[in-house]
Every structure is written in structure tokens, then in C-alpha cells.
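The block underneath contains the structure these notes are about, expressed in C-alpha cells.
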């Protein structure tokens, strides 16, 4: 099993910044992707960003490109999401997830609330 624990959410004004962290523990895999997703009230969960653990290749949703940056700390088994220039529409519960075999995200964290006020 894999455990994912997010932190760093909170309340921020529009234009502000937050940094989310996700610590992974438990079973390890030879290569896997780590991702961030979010879900706003009344909306489906949506992809935000991902990073490959071995090579650090990144991907972003169009809505966050240029504002969010994903990174990983291999020694600490941690993934970060630096969120700048936050907008009210970024308000959501943010989830960290792990894709151990390249096919689908199997493991999920409990989520952390991000609220951006206008």
C-alpha cells in the first residue's frame, strides 16, 4: 500500500501564493507518476499537474500553466505544488495521487482545502 498525506492548503487572497506538499510512504515502485488533482463544489475532479518520479517530466492543465509549478524531492519522497497568482476559480480541494504503473492513479491522499478570496 501507498500512503499520501497532503498539507499546505489554506485561505489566500487573489493574486497570492500557496505551496502544497504531499509526502509519500509505504510501498515503492520502480517508476511512477505523481499528480495533483482538484475538485470544486459541484464539479468533477480535474487534473492539475503531474511529474514523473524518475525523470521529473512535468505536465500541466491549461488553466494553471505559467502559474503553478510541480516539483519533487526524491530524498524526502515529497511532491510540491507551488501555486502563484491564485484566482478565485482555483478554489477547490486539492488531492495528491500516485500512478504506480503508468496506467491510472491508484492511490489518493485525503485532500487539502484551498480557498482563494476575491
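Numbering (our numbering), first residue to last: -7 to 110. Where is the CB? At the ideal position from N, CA and C, for every residue including glycine.
### Task
Classify residue 82 as buried or exposed, calling it buried when 16 or more other Cβ atoms lie within 10 Å of its own Cβ.
buried
### Message
Can you check which of these residues, 41, 5, 11, 59, is closest to residue 25 by C-alpha distance?
### Response
41
### Task
For my contact list, residue 14 and residue 98 are in at a C-beta cut-off of 8 Å; report their separation, rounded to the angstrom.
Actually they are not in contact, since the Cβ atoms of residue 14 and residue 98 sit about 15 Å apart, beyond 8 Å.
### Given residue 21 as reference, the closest of 73, 58, 67, -6 once Cα atoms are compared
-6
#### Entry: Residue ranges of each beta strand (DSSP E) within the region 12 to 62, 3 or longer
25 to 31, 38 to 44, 50 to 52
### Query
Cβ of residue 16 within 8 Å of Cβ of residue 0?
no
### Alpha-carbon to alpha-carbon, residue 63 and residue 48
8 Å
### Query
Do you know offhand how far residue 6's Cα is from residue 23's?
36 Å
### Query
Closest to residue 55 by CA distance: which of 45, 75, 43 is it?
75
### Reference residue 91; option with closest CA among 106, 80, 78, 39
39
### Query
From the DSSP output, which residues share a beta bridge with residue 84?
106
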